[in-house]
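Using mature numbering (1 follows the signal peptide of the UniProt record, and there is no 0), the letters of the sequence shown correspond one by one to residues -16 to -1, 1 to 137.
Think of the CB as a built atom: it goes at the ideal place given N, C-alpha and C, for glycine as much as any other residue.
See below for the structure under consideration.
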Amino acid sequence: MTPAVAWLLFLQIVLGQTIFMDSRLKAAIKNFRNLHMDYPKLSYPQDFQGYCNGLMAYVRGRQESWHCPVKHYVIHAPWTTIRKSCSHCENFCENYNEYCTVTQEAFPLTICSLFPKQPPTSCLYNDTLINRRLYLLCSQKYDAIPISIIGIY
């Protein structure tokens, strides 16, 4: 094998993994923004029977799943404010294999909770609007971007 061919093979292996990781990260950031950010808060038509029922129809469509998530968090604050929360993450969450942090300030958010004891084909949600600190997964240790919500604090 010539040195040029070996070098090309090496670059394909190394850069191929980098491109894959970069696209996976971009997808996680896009999903976070599409599924967990709603600022300013939208209003759904009366036919949806409440904010969470309209929102969760959108979430299930984006996820291309008929599964009814039991709980979903939606933040009603500007992206720049939420992004600052991941600027410095000292904790590594081994369960998620990502860096994580608890926000310093509380944010307005809606918790969409699935009504108990309903048919599996029905996805009806109760919504609760509260101000809480968030437990976020971040893309890296420094200058990171939020990629998921673990819970509230």
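Residue range 118 to 122 is occupied by the beta strand (DSSP E) that includes L120, with no alpha helix (DSSP H) assigned at that position.
Of all alpha-carbon atoms in H72, L39, R44, the one lying nearest the alpha-carbon of M21 is that of L39. According to DSSP, I114 shares a beta bridge with L93.
Contact between H60 and C96 is ruled out by a C-beta separation of about 13 Å, above the 8 Å threshold. With contacts defined by Cβ atoms closer than 8 Å, A11 and C73 do not form a contacting pair. In terms of Cβ geometry, R116 and I136 form a close pair [threshold 8 Å]. In the structure shown, I13 falls within a helical segment according to DSSP collapsed to helix, strand and coil. When only Cα atoms are considered, L113 and T94 end up about 4 Å apart. One alpha carbon belongs to C84, the other to C77, and they sit about 6 Å apart. DSSP, read as helix, strand or coil, puts L39 in helix.
E82 is positioned such that its CB atom lies closer than 8 Å to that of I131.
Proximity to V43 across I66, P103, R17, Y23 peaks at R17, based on C-alpha coordinates. For the 8 Å CB-CB criterion, P62 and Y23 form a contact. Taking C-alpha positions only, N79 is separated from L121 by approximately 11 Å. In the DSSP assignment, P130 is bridged to C122.
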